[in-house]
Every structure is written in C-alpha cells, then in structure tokens.
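Residue numbers (the working numbering), protein chains in the order written: chain A, -1 to 578; chain B, 7 to 199.
Below, the structure is given as structure tokens:
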C-alpha cells in the first residue's frame, strides 16, 4: 500500500528491502532519521558509532565480513569519514557497501554547504542521487546491486529537500541476503604499498567500466520534449526544472559519478539550447565543458550559493514570477534559541558575565553565540573547541589561559573531543575545558551516545564515564557542577581558570526536553513585586517577556527551572502560591 | 502547475507544526492526491521561525513553495503570519492564530514587535481568518493542542468528510493523545470563520 514517506525513511525502507544487515552511523542533520528508522527492523543490526570515521570503518568491516552494509552521515561528517572512504575504494567490498551523505544546501542546520559530489570524484566511487522518496527507496536497492556487481562501495547523495520531504512510496518485500563467505585475501584487503599499487589499477579499470555503464544505465534517463530548451539536471533540481518547464527536454541523471559523455552529447544535439541546473558547484557543467559539450546556461544563471527552488530557476530563466503582497514593515527575525529550561543557558550567562573568551563546538549550545548570551567566539567543526583553545592559549600565553575556555557537549566530546584534550595534556597545556553533559545528543533530536547508557535500539549498555576518560587522558583537576546553580558555577569556573594546569569542568544537567525530565510548574512574577530592572532578561529565556515596564512569564513555555529566580535580587519571581 | 494546490504551515519551533503537516499529508494521500510535504528539522526547530510546505494535485514535482504561490497559509503566531505573507497568492487565505510569541530580538529590545498585525494583514488583498486557537486548545484540555484546533479550522477549506479526518487523526497521532486531539480538531472545525 502506498505511503507518504520522508526521504530518509524511504532510504531506511530500501535498506530493509535490499537485505542490508549492518548499519552504523553518527547523527547529523539531515541524515539522522535513516538510521533511526532502520533500527526498528529486527533483521537489521543498527548502531550509533562515536563518529563518522568509526561508523564508516565498521561498515567496511561488516562488508568484508560478508554482509550488505551501510552508513549515513551529513556532508561535514563525510570529511571525518574521508580516510576510510578513499581506501575502501581500493579494497572494494564483499557484501555490498553503501555510504550515504546528506548535503545541506542553504545550511538549514550546518556550518558550511560543501558539495559532496567532489568526494565521489576524488575517492573514485560511483554516486547516485535520488530526487524524491520513491527514488530514495529504489536507488538504495540499486546501489547495493551496483556495489556487488562492480566490487566497490557506492555513495548515495541526498540533500535537505529530499531527505526531509515526504512523498509517495510503494514499499516492497525484504529480500534476504545470506552472509557471504569470507576468504582471506591480503592482496585485496591489506592496503600496504605493494598491494595498493595493484589495487589502484583495479580502481581505474572499474571507473572505466562504470563510465561505460553511465551511458546506458536506466538511472540516467532522457525525457524528450519540444526540442527547443534542454536541461541536464539531477536530484532535487530535476523537480524544480520540471515544475517550471513541463514541456522541455530533460536529461535526468540518477548516477552523478561517473557522468556519461556520449549520452549528454547526444542529448545536447537534440535541443536548440542546453542548460545545466545544479546546486552549489558546477560539477556537471564542468564535465560538459571538459568534454566539448556546449552549455548555454549554468552557474552564470543559477549561482553557486544556497538552495535553488522553482522560483529561483524561473527567475534565472527569465520567466515571470507571481505577484505577492508585502507586509510593508520590518518583521523582526526569529532566530532559534535555547529552549526554556535549557541547562546551557545558565552556563552561557556566566561565561558572558565573567567576560571569558570561549571557543565553541557543534550542538544546541552553539546558540550560546546569539544575543543576549553572546558568549561564543569561535565555532569550526566537531571537536574543534578544545584543539582551537589549545592553539589559541599556546600563542597568547598564561593570561589567555586564565580567561579562555572551550565548551563541548557530551556527544561531541565522544565524537572527536578526546584526542583534542590529549593534545592539551600531552603538550603541557594549562587550558580549561567545559564539557556540557546534558545526557543526550540534543541538536539532532535526542540520540543516545556512549555516555547515556543506552544503545540506538534502547538496550542498556555500560556508560562511558566522562570523568574517567578525562582522568585517563591526563587531567587531574576535574569538577562537576550543576550549571543552573549560578553561585557554585561561578566559584568552580574561577578556581579552574586560576589553576596552572589543565582542568575539566563538567556541567551536568539533563536536556529539559528529555521525557525523563519532569517539568516543574511555571513560575510567576506578581506585577506589584517586579521593579522593572530587567535583570531577568539577561539570561535570554523565551518564556520571559517585558512589557509596559514589567517582566512577565509565559506559563505555556516556562518549565520552572528556577534560573531566573537567581537573577532577581528583589525575590519577585516564584512558584505560584509561594509568598515573598 | 496550475492544478497543484499549495499550503504552508508556519509557526514557532515547538508549536507542533510538523504533526499538522503530517495529518494534512495523510488526509490528502487518502483522498488519492499526489502529495509532497517539506519539513525543517535540526537547529531551526529550537524556537526559531519554522515553515512546512504541503503541495497536492494530480502530479507534484517540487516539494517547496515560493513567493506568491501559496493558496493558504496556516499561521500559528501573528508575527509569523506577517513574515510569510509574501508567499501567499493574491486573494489567498491566511488563517492566523491570534497569539503573540516574542522572538529574541524583541525580548532583547533590538527590534519592536509590530503593532496591529491582524488589521494590517486585512488590508493586503488576502482573506484573513483570525482566531484564538490557544483558548480553544485550553478548552479542549491542553494548550499544546493549538495545532489540532488550527487543523480543524483549515479542514473547513477542504471538501473532505468527517470520517476521513477522524481516520487520519487516528492514524497520525499517538493513541494516548487521541481524545485530546479529536476534541481540539472538532472545536476548530466547528469555529464560525
């Protein structure tokens, strides 16, 4: 029966139907739901790995072990997994291996908008790109068949508008794939120079064979039109082109690496003008130009930045745009904010109050950079808070170490913070690192991680102790503090910043959105008691507003975390029924 | 493209816009339409301005909606109604929950919250339907059911049977909140607009 399905869920369905037996991933928007959705099938082993490199290596191992295997990550996660990726291209597979990367054009929830298609080219791997949920399912299955037919890992590329759009899918049955025999074969799987030299030859021969396949595979299809305008496009851009030009000729590429030459050249010969529509970099366009295929419009029209849409395509092609009304005055932006009751709020208020320089990391707590908390100075990538702190303090000396800290979440610390911490201890650094332990991977929507004591399938498992990890990494000064206790927090931070040795402060309080966290009743501010000093506004809580000279609390938003109570020297904020 | 209908559901992260779009999507699927729903997950969900696109018709290509294309916008908050107005077609319908949630730039006094939003919207050549969905949600038993109240109001604009909506609600919402959601939906559906 047909079902309206998220692209990510359709990939999960494809994994199930393809007989995939092993999935290992690290969460990252917009890829996260693939692994969550596939974890409901008992036939599929699925796990969260500490990071994408580990996930990719685990999937490579499962593939060599004979199972159809998979891992998913966001585009920047592929940077982390690039090391195994490039060499897995040399070893090839035993059971089929599919690596999915979800790009985030427009940066809905990312720190850059890199174009992952370059990875397929540089790692020399085939890459497929679906344009809706039905293709997410079909291409996932196709990717496994290709992987086994050509003895290669296959990449599957999605983007936010495919991963997080729902469209109609017809689910099928699972085809079981028994574990293949494992035969020891060092020439194929031990990539030392003598063997790798031989395998590089195999890689180049395989790419040649795949290039021939690209000319004939049904993944690439010509939709004949009126012969005037022709479009070469792929993925979500195909949908925008079709929306604007229902009668145009379209060459839709489902396999975006390697790209066909003759197929595109023959298509170009059937149309008067040829346009290449792709988001971000001119990958298809450059390929056309390199092969002497005339392109009448590409990046000069559609640009290098952000997402396209039917409106952007229409505008670039000179089509009229529909009329639209304008509100006529500025609407204030509504940036994302830390939730009411968020354990990070008290910490960032304090870091701002102490005027510290703060190297930041990737997670909900990146929002501590926004006003009025405005506490974060840098955000680069997963794990970078600690290593950038080390470099920053090393060149700026002891005074810097007394006024600069790193902030990193529990899951991000597991991902790639530990090696950075060792960089500090090993190299005689004296920096202070704050680990924000909210007992969950928050930003991507509450995934378990090695510190939470539960697996992806919610099975109890030994918890990794952050304290023990830091201790083993050579940190002797480790303090744990509740970030909602502002007095204790201030004392601990001052002590550790003053200490002439590396220290870790673990601010421990669970995410306010966790089901296990019981919200307290909403707080109130009796109007007569509020002096209008605005001290409570400094913590930037969206449940507190200030109108007509008085602060007030939105009872539908407040979870009674009591942080604001500590801000009010007049004792005006309290639980209902409690007298001053 | 002319037969495709475009609905946008806009609000503040945490107001339950995703559940609304899923309910609408499932109802449209049951009615035999081609449907695409585009959502936003991740960082912008944290109290930020959120938008979901729902498109349906005989054949839908793009999952997103551009300026001047929406037949109907369901706004969970006043300021969000004003923000997304340019996406509405001329003569389109704007259903607005008359609730104010101040964004951080307003809280920090970096920007004012616009006055008289509903009155200003009414003069823009679109059909504005305003109601206090929060009060109705509270009447249904929980302030969080604002999304279902608004879906009830919107259901008046779609020619689907009560049975279809009831079946779709049952399929879409968790069993333990079924009664609450049904009540909230019924209150919205019965609203005179």
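Don't be surprised by glycine CBs; every beta carbon is placed ideally from N, CA and C.
(message) When you compare the stretch 131 to 144 of chain B with the stretch 95 to 110 of chain B, are there three or more beta-carbon pairs, one atom per stretch, that lie closer than 8 Å?
(response) yes
(message) Quick check: is the beta carbon of residue 45 of chain B nearer than 8 Å to any beta carbon in chain A?
(response) yes
(message) Looking at the secondary structure, which residues open and close the alpha helix (DSSP H) in which residue 345 of chain A lies?
(response) 342 to 351
(message) Rounded to whole angstroms, what is the Cα-Cα separation between residue 0 of chain A and residue 38 of chain B?
(response) Rounded to whole angstroms, the gap between the alpha carbons of residue 0 of chain A and residue 38 of chain B is 10 Å.
(request) Measure the Cβ-Cβ separation of residue 233 of chain A and residue 247 of chain A and say whether it is below 8 Å. (result) no
(request) Excluding the 5 residues preceding and the 5 following residue 281 of chain A in the sequence, name in chain order all residues of the same chain whose CB lies nearer than 6 Å to its CB. (result) 115
(message) Bridge partners for residue 3 of chain A per DSSP, in chain order?
(response) A:165
(message) Please return the same chain residues whose Cβ sits closer than 6 Å to the Cβ of residue 422 of chain A, not counting the five positions on each side in sequence.
(response) The answer, listed in chain order, is 388, 429, 500.
(message) I want to know whether the stretch 217 to 224 of chain A touches the stretch 253 to 266 of chain A - three or more CB-CB distances under 8 Å.
(response) yes
(request) Examine the Cβ distances between the stretch 6 to 18 of chain A and the stretch 17 to 33 of chain B and report whether three or more of them are shorter than 8 Å. (result) no
(request) Find out if the Cβ-Cβ distance for the pair residue 132 of chain B, residue 97 of chain B is shorter than 8 Å. (result) yes
(message) Let's see if you can read the secondary structure: which residues bound the beta strand (DSSP E) around residue 43 of chain A?
(response) 43 to 46
(request) Rounded to whole angstroms, what's the CA-CA distance from residue 189 of chain A to residue 87 of chain A? Just pull it up for me. (result) 11 Å
(message) Just to confirm, is the Cβ distance from residue 153 of chain A to residue 125 of chain A under 8 Å?
(response) yes
(request) Kindly list, in the order they appear in chain A, the residues whose Cβ is closer than 9 Å to that of residue 131 of chain B. (result) 323
(message) So that I know if they touch, is there some Cβ in chain B lying closer than 8 Å to that of residue 443 of chain A?
(response) yes
(message) What does DSSP give as the partner residue(s) for residue 221 of chain A in the beta ladder?
(response) A:248
(message) Could you tell me which whole alpha helix (DSSP H) segments of length 4 or greater appear in the stretch 99 to 149 of chain B?
(response) 110 to 113, 123 to 128, 139 to 146
(request) Report yes or no: do three or more beta-carbon pairs, one from the stretch 555 to 568 of chain A and one from the stretch 112 to 121 of chain B, lie closer than 8 Å? (result) no
(message) For residue 330 of chain A and residue 369 of chain A, what's the separation of their Cα atoms in angstroms?
(response) 14 Å
(message) Just to confirm the assignment, what range does the beta strand (DSSP E) spanning residue 502 of chain A have?
(response) 501 to 506
(message) Any heavy atom of the ligand HEM inside 7 Å of the beta-carbon of residue 554 of chain A?
(response) Questions concerning the ligand HEM fall outside what the structure shown contains, since it holds no ligand whatsoever.
(message) Between the alpha carbons of residue 43 of chain A and residue 37 of chain A, how many angstroms are there, rounded?
(response) When rounded, the distance between both Cα atoms is 7 Å.
(request) Taking residue 74 of chain B as the reference, give the member of B:95, B:189, B:173 with the closest Cα. (result) B:95
(message) Can you look up residue 442 of chain A in the DSSP assignment and give me helix, strand or coil?
(response) coil
(request) For residue 75 of chain B, return the contacting residues in chain A, with the cut-off set at a CB-CB distance below 9 Å. (result) 308, 309, 320, 322
(request) Flag residue 55 of chain B as yes if its beta-carbon sits less than 8 Å from any beta-carbon of chain A, otherwise no. (result) yes
(request) Kindly list the residues whose CB is nearer than 7 Å to the CB of residue 494 of chain A, restricted to its own chain and excluding five residues on each side of it in sequence; keep chain order. (result) 430, 475, 477, 501, 503
(request) Could you say which of A:159, A:162, A:92 lies nearest to residue 144 of chain A if we only look at CA atoms? (result) That would be A:92, whose Cα lies nearest to the Cα of residue 144 of chain A.
(message) Is the separation between the beta-carbon of residue 310 of chain A and that of residue 135 of chain A shorter than 8 Å?
(response) no
(request) Compare the C-alpha of residue 41 of chain B against each of B:15, B:47, B:68 and name the closest. (result) B:68
(message) Taking the alpha carbon of residue 17 of chain A as the reference point, which residue from A:50, A:62, A:486, A:66 has its own alpha carbon closest?
(response) The alpha carbon of residue 17 of chain A has as its nearest neighbour, out of A:50, A:62, A:486, A:66, the alpha carbon of A:66.
(request) Identify each residue in the stretch 83 to 114 of chain B for which the Cβ-Cβ distance to at least one residue of chain A is less than 8 Å, and report them in chain order. (result) 85, 86, 88, 89, 91, 92, 93, 94, 95, 96, 107, 108, 109, 110, 111, 112, 113, 114
(request) Could you name the residues that DSSP lists as bridge partners for residue 458 of chain A? (result) A:452
(message) Which residue wins for smallest C-alpha separation from residue 129 of chain A, given the options A:253, A:483, A:323?
(response) A:253
(message) Is residue 396 of chain A close to chain C? Criterion is C-beta to C-beta, closer than 8 Å.
(response) Here chain C cannot be found, since the structure's protein chains are A and B.
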